[in-house]
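Student:
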Amino acid sequence: MSTLTVENVTKTYGDVTALEDVSFEIEDEFVVLLGESGAGKSTMLRCINGLTEPTSGGIYLDGRPIEESQPSIGMIFQQHNLVDGVSAYLNALTGSLERTGFVSSLFQWQEPADKRRALEALETVGLLDEAHQRVSQMSGGQQQRVGIARALVQDPGLLLADEPVASLDPASAETVMGYLRKAAGVHEVTALVSLHQVNIAAHFGDRFIGLRDGGLVFDVERGGLTPSLIDDLYGSVETVGLADRRAVDRTERPLEAERRVEA
Amino acid sequence: MSSESPSKPRGLRSYFGFVDGGESAVERKMTELKRRKTIRRLWAVLGVVVGGIAFYLSLLATEFTVSQLLTQFPFFLDALTEYFPPTTYSGIPFIDVAQYWNFMVDAGLFRAAGVTMAIAFAGTVLGLPGALLFGILASERVVPYPFNFLFRATMSFIRAIPALVWALIFIPLGGVSPFTGVLAIMVDTTGYLGRLFTDELEEIADGPIEGIESTGATKPQVISFGMLSQVFRQFIAWIAFDLEHNVRVAIGLGLIGAGGLGLELDIQRKTFNYTEMMACIILIVVLAGSVELMSQRVRSYLRDDDSEETGVLEVFLTAPRKILDSTAGRR
Chain A
1 MSTLTVENVT KTYGDVTALE DVSFEIEDEF VVLLGESGAG KSTMLRCING
51 LTEPTSGGIY LDGRPIEESQ PSIGMIFQQH NLVDGVSAYL NALTGSLERT
101 GFVSSLFQWQ EPADKRRALE ALETVGLLDE AHQRVSQMSG GQQQRVGIAR
151 ALVQDPGLLL ADEPVASLDP ASAETVMGYL RKAAGVHEVT ALVSLHQVNI
201 AAHFGDRFIG LRDGGLVFDV ERGGLTPSLI DDLYGSVETV GLADRRAVDR
251 TERPLEAERR VEA
Chain B
264 MSSESPSKPR GLRSYFGFVD GGESAVERKM TELKRRKTIR RLWAVLGVVV
314 GGIAFYLSLL ATEFTVSQLL TQFPFFLDAL TEYFPPTTYS GIPFIDVAQY
364 WNFMVDAGLF RAAGVTMAIA FAGTVLGLPG ALLFGILASE RVVPYPFNFL
414 FRATMSFIRA IPALVWALIF IPLGGVSPFT GVLAIMVDTT GYLGRLFTDE
464 LEEIADGPIE GIESTGATKP QVISFGMLSQ VFRQFIAWIA FDLEHNVRVA
514 IGLGLIGAGG LGLELDIQRK TFNYTEMMAC IILIVVLAGS VELMSQRVRS
564 YLRDDDSEET GVLEVFLTAP RKILDSTAGR R
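If you read the sequences in order, they're chains A and B. Per this note's numbering, the first sequence starts with residue 1, numbered consecutively. Per this note's numbering, the second sequence starts with residue 264, numbered consecutively.
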């Protein structure tokens, strides 16, 4: 269980400001990052993950600068980023590379504890029986679950997921989000998940952080996510059909019509 | 419109289209068409004449005459009965397979086939480290742009020279022997297999590399797990393919004396033992075909994307042509 602190983070690419003075702190929660494409969600996650450095501001995990704690951040990608021709088990096992020497990793001489952890992670995402199946032969939803397992094997304090269900059909998207939430719960990991599907977000999140044009628009607990906030976040066009709904709550089923296709 | 008939002949010049002017635009075009046709015909005649002369000279140079063909034909028929010695099995005429078999056993042809396989296998294994090294270093993802070309160029140079010529070059090193054959195949493998590895590495996806990086892996770990493990199966498939190719090359190298089945075939040819020669050819086709069949099954098992599988009969029928192609350095 870790505490992630984001302090006044600004990120610019030349003239373009991707993030502007964003601050929040999350701990022991399943937090959803909302916003349209280009709102700065990916940049935020990449900064936290250490793939890019913020122009100014600081990011801390349990009080330590983020660069020192990269191994304890598990990352789940939109396109799962697994090695296709290799089994689910070996993909999950790559989560332990950071703790393993080069030669040992070449010959799969990982600690038995790490091997057990890989199998346990696959069990958490419901894929223990498919452990020896090649990832290329799995469905998109199953592949993403292997991606979750790999992140869990890292034994992370913080799980980041960048649009983990954007390329999945609605049913698989729900399943994967269900497993992601379960995984975060079972392994007691703080999770920050960026999503663009409001209905799925509302269904699974504990807390919602809204980004628009690189700035923080709202930071609310479950129940505080009102149609007017979402309207504010996405502008009027995207929320046609949402505006006349009273409240968005967790029990609602995701609707096909609300899915926005990200470019 | 002229009242005069437009097609009234005006002599040969008009027929071939070499007259000036005409009464109308259409008339002038008609004349031009005739002229073009005349010129085309002149070129055709020239082509036939030149081709005919070249053909005649070629016949002279090769001393090819129909009378020679006719006088030699009975000998060819004789040879044919030696190629395919006839016999009867319980009254039904058929080829005497036992003769082939006896020769194969007596002359130790199976051992020779083993030598051919050994040349191919040893050459492939010896060439593998070089192929891996050059193949990986030639990839732009591993070695930055201008420097990777050093390795690419080396492999291109190796490939520019067919294995057969490499064997000739290495004769001072190992004589005309299986040893030289192994050397030639080793060098050939470094050039070809390495290039296939490079091509395979160029096609890998960035996602898995980023995925491995995100786990906190070191640079060597990222290369081996993010990059090489993506192409591991393909590498094995290419090795199987190259082994198959090298068996065909080894047969070809035998013909110039590097041992194995090819050498046996050459010996029988020089001593005009046609039955024995055919026995060698049959065994060669069976060997090349079986290796290709095996290699293909391995490959289609390894790569789930491509489903190309050649039929059993086709594999054996196309074996002779593929042996020649491989020997000449083509795949």
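Glycine included, each C-beta is placed from N, C-alpha and C at the ideal position.
#1: For a contact meaning CB atoms closer than 7 Å, what does residue 71(A) contact in chain B?
#2: Does any residue of chain B bring its CB to less than 8 Å from the CB of residue 49(A)?
#3: I'd like to know if residue 492(B) contacts chain A, where contact means its C-beta is closer than 8 Å to some C-beta of that chain.
#4: Return yes when the Cβ of residue 157(A) is within less than 8 Å of the Cβ of residue 190(A), no when it is not.
#5: Taking the alpha-carbon of residue 499(B) as reference, which of 85(A), 205(A), 63(A), 33(A) has the nearest alpha-carbon?
#6: Taking all protein chains shown into account, do 16 or more other C-beta atoms lie within 10 angstroms of the C-beta of residue 179(A), making it buried, or fewer, making it exposed?
#7: Flag residue 177(A) as yes if its beta-carbon sits less than 8 Å from any beta-carbon of chain B, otherwise no.
#8: Quick one: is residue 2(A) near chain B, going by C-beta distance under 8 Å?
#9: If the cut-off is 7 Å on Cβ atoms, which residues from the region 75 to 92 of chain A count as contacting chain B, listed in chain order?
#10: Out of curiosity, what's the CA-to-CA distance linking residue 15(A) and residue 5(A)?
#11: Can you confirm whether residue 474(B), when its beta carbon is compared against all beta carbons of chain A, has any partner nearer than 8 Å?
#12: Using a Cβ cut-off of 9 Å, which residues of the region 121 to 155 of chain A contact any Cβ in chain B, in chain order?
#13: Given that residue 98(A) touches chain B, what residues does it touch there, using C-beta distances under 9 Å?
#14: Using the three-state DSSP reduction, which class does residue 580(B) fall into: helix, strand or coil?
#15: So with CB distances below 8 Å, who are the chain A contacts of residue 471(B)?
#16: Starting from residue 95(A), find everything on chain B with Cβ-Cβ shorter than 7 Å and list it in chain order.
#17: Ends of the alpha helix (DSSP H) at residue 422(B)?
#18: Using a Cβ-Cβ cutoff of less than 8 Å, which residues in the same chain neighbour residue 18(A) once the five nearest sequence positions on both sides are dropped?
#19: Compare the beta carbon distance of residue 381(B) and residue 456(B) with 8 Å and say whether it is the shorter of the two.
#20: Specify, as a first and last residue, the run of the alpha helix (DSSP H) that residue 450(B) falls within.
#21: Do residue 153(A) and residue 96(A) have their beta-carbon atoms positioned less than 8 Å apart in this structure?
#22: Name the two residues that bound the continuous beta strand (DSSP E) containing residue 340(B).
#23: Using a C-beta to C-beta distance shorter than 8 Å, which residues of chain A count as neighbours of residue 488(B)?
#24: Taking C-beta to C-beta, are residue 26(A) and residue 50(A) nearer than 8 Å?
#25: Taking only three categories from DSSP, how would you classify residue 539(B)?
#26: Below 8 Å on the Cβ atoms is my contact criterion, and I expect residue 454(B) with residue 421(B) to pass it. Report the Cβ-Cβ distance as a whole number of Å.
#27: Would residue 102(A) pass as an interface residue toward chain B - the criterion being a Cβ-Cβ separation below 8 Å?
#28: Where does the unbroken beta strand (DSSP E) through residue 24(A) begin, and where does it stop?
#29: If you draw a straight line from the alpha carbon of residue 182(A) to that of residue 211(A), how long is it in whole angstroms?
#30: Tell me the DSSP bridge mates of residue 13(A)?
#31: Look at the Cβ atom of residue 398(B), then the Cβ atom of residue 460(B), and state whether they are nearer than 8 Å.
#32: Look at the Cβ atom of residue 63(A), then the Cβ atom of residue 7(A), and state whether they are nearer than 8 Å.
#33: Residue 56(A) bridges to which residues according to DSSP?
#34: For residue 404(B), which residues in chain A fall below 7 Å Cβ to Cβ?
#35: Can you check which of these residues, 207(A), 73(A), 24(A), is closest to residue 477(B) by C-alpha distance?
Tutor: Walking through what the data contain:
#1: Counted from its first residue, the first sequence places residue 71(A) at position 71. Simply 479.
#2: As a position in the first sequence, residue 49(A) is number 49, starting the count at 1. With respect to chain B, the C-beta atom of residue 49(A) has a partner C-beta closer than 8 Å.
#3: Here the question's residue 492(B) lines up with position 229 in the second sequence. Yes, because at least one Cβ of chain A sits closer than 8 Å to the Cβ of residue 492(B).
#4: As a working mapping, residue 190(A) is identified with position 190 in the first sequence. As a working mapping, residue 157(A) is identified with position 157 in the first sequence. Yes, Cβ-Cβ distance for residue 190(A) and residue 157(A) is below 8 Å.
#5: By one-based count along the second sequence, residue 499(B) stands at place 236. Among 85(A), 205(A), 63(A), 33(A), the Cα nearest to that of residue 499(B) is on 85(A).
#6: As a working mapping, residue 179(A) is identified with position 179 in the first sequence. Counting Cβ neighbours within 10 Å, residue 179(A) comes out buried, since at least 16 surround it.
#7: Sequence index remark: in the first sequence, residue 177(A) carries index 177 (1-based). It does not; no Cβ of chain B falls within 8 Å.
#8: Against the first sequence, residue 2(A) aligns to sequence position 2. Taking 8 Å as the CB threshold, residue 2(A) stays off the interface with chain B.
#9: Those would be 75, 77, 79, 81, 82, 83, 84, 85, 86, in chain order.
#10: Counting from one through the first sequence, the residue named residue 15(A) turns up at place 15. Counting from one through the first sequence, the residue named residue 5(A) turns up at place 5. If you draw a straight line from the Cα of residue 15(A) to the Cα of residue 5(A), it comes to about 26 Å.
#11: If you number the second sequence from 1, residue 474(B) lands on position 211. True, the Cβ-Cβ gap to chain A drops below 8 Å.
#12: The region 121 to 155 of chain A vs chain B, Cβ under 9 Å: 134, 136, 137, 147, 150, 151, 153, 154.
#13: In the first sequence, the residue the question calls residue 98(A) occupies position 98. Here the neighbours are 478, 479, 480, 481, 484.
#14: In the second sequence, the residue the question calls residue 580(B) occupies position 317. Of the three classes helix, strand and coil, the one that applies to residue 580(B) here is helix, per DSSP.
#15: Here residue 471(B) refers to the residue found at position 208 when the second sequence is read from its first residue. Chain A residues near residue 471(B): 81, 82, 83, 84.
#16: What you label residue 95(A) is simply residue 95 of the first sequence in a count that begins at 1. Within 7 Å Cβ-Cβ: 478.
#17: Position 159 of the second sequence, counted from the start, is the residue given in the question as residue 422(B). Run containing residue 422(B): 408 to 423, per the alpha helix (DSSP H) assignment.
#18: The count along the first sequence starts at 1 and reaches residue 18(A) at position 18. Counting only Cβ-Cβ distances below 8 Å, and skipping sequence neighbours, we find 11, 12, 40, 43, 214.
#19: Numbered from its first residue, the second sequence carries residue 381(B) at position 118. Numbered from its first residue, the second sequence carries residue 456(B) at position 193. Result no, Cβ atoms of residue 381(B) and residue 456(B) do not sit closer than 8 Å.
#20: Start at 1 with the first residue of the second sequence, and residue 450(B) comes out as number 187. 441 to 465 is the span of the alpha helix (DSSP H), which, as asked, contains residue 450(B).
#21: Here residue 96(A) refers to the residue found at position 96 when the first sequence is read from its first residue. Here residue 153(A) refers to the residue found at position 153 when the first sequence is read from its first residue. Yes, Cβ-Cβ distance for residue 96(A) and residue 153(A) is below 8 Å.
#22: Locating residue 340(B) in the second sequence gives position 77, counting from the first residue. Not the beta strand (DSSP E): residue 340(B) falls in the alpha helix (DSSP H), residues 329 to 346.
#23: Working through the second sequence from its first residue, we reach residue 488(B) at position 225. For residue 488(B), the residues of chain A that pass the 8 Å Cβ criterion are 83, 94, 97, 105, in the order they occur in the chain.
#24: What you label residue 26(A) is simply residue 26 of the first sequence in a count that begins at 1. What you label residue 50(A) is simply residue 50 of the first sequence in a count that begins at 1. Against a cut-off of 8 Å, the Cβ pair of residue 50(A) and residue 26(A) comes out as no contact.
#25: Residue 539(B) sits at position 276 when you count from the first residue of the second sequence. Three-state DSSP puts residue 539(B) in a helix.
#26: Here residue 454(B) corresponds to residue number 191 of the second sequence, with the count starting at 1. Here residue 421(B) corresponds to residue number 158 of the second sequence, with the count starting at 1. With 8 Å as the limit, residue 454(B) and residue 421(B) qualify as a contact, their Cβ atoms being about 3 Å apart.
#27: Working through the first sequence from its first residue, we reach residue 102(A) at position 102. It does; some Cβ of chain B falls within 8 Å.
#28: As a working mapping, residue 24(A) is identified with position 24 in the first sequence. Per DSSP, residue 24(A) belongs to the beta strand (DSSP E) from 16 to 27.
#29: Taking the first residue of the first sequence as position 1, residue 182(A) is located at position 182. Taking the first residue of the first sequence as position 1, residue 211(A) is located at position 211. Looking at the two C-alpha atoms, the distance is approximately 25 Å.
#30: Numbered from its first residue, the first sequence carries residue 13(A) at position 13. Among the bridge pairs identified by DSSP, residue 13(A) is matched with 16(A).
#31: Against the second sequence, residue 398(B) aligns to sequence position 135. Against the second sequence, residue 460(B) aligns to sequence position 197. Result yes, Cβ atoms of residue 398(B) and residue 460(B) sit closer than 8 Å.
#32: By one-based count along the first sequence, residue 63(A) stands at place 63. By one-based count along the first sequence, residue 7(A) stands at place 7. With contacts defined as CB atoms closer than 8 Å, residue 63(A) and residue 7(A) fail to qualify as a contacting pair.
#33: Against the first sequence, residue 56(A) aligns to sequence position 56. BP columns for residue 56(A) point to 10(A).
#34: For the purposes of this step, residue 404(B) is taken as residue 141 along the second sequence, with counting starting at 1. Close partners of residue 404(B) in chain A (Cβ separation under 7 Å) are lacking, with about 15 Å as the shortest Cβ gap.
#35: In the second sequence, counting from the first residue as 1, residue 477(B) sits at position 214. Minimum Cα distance to residue 477(B) is reached at 73(A).
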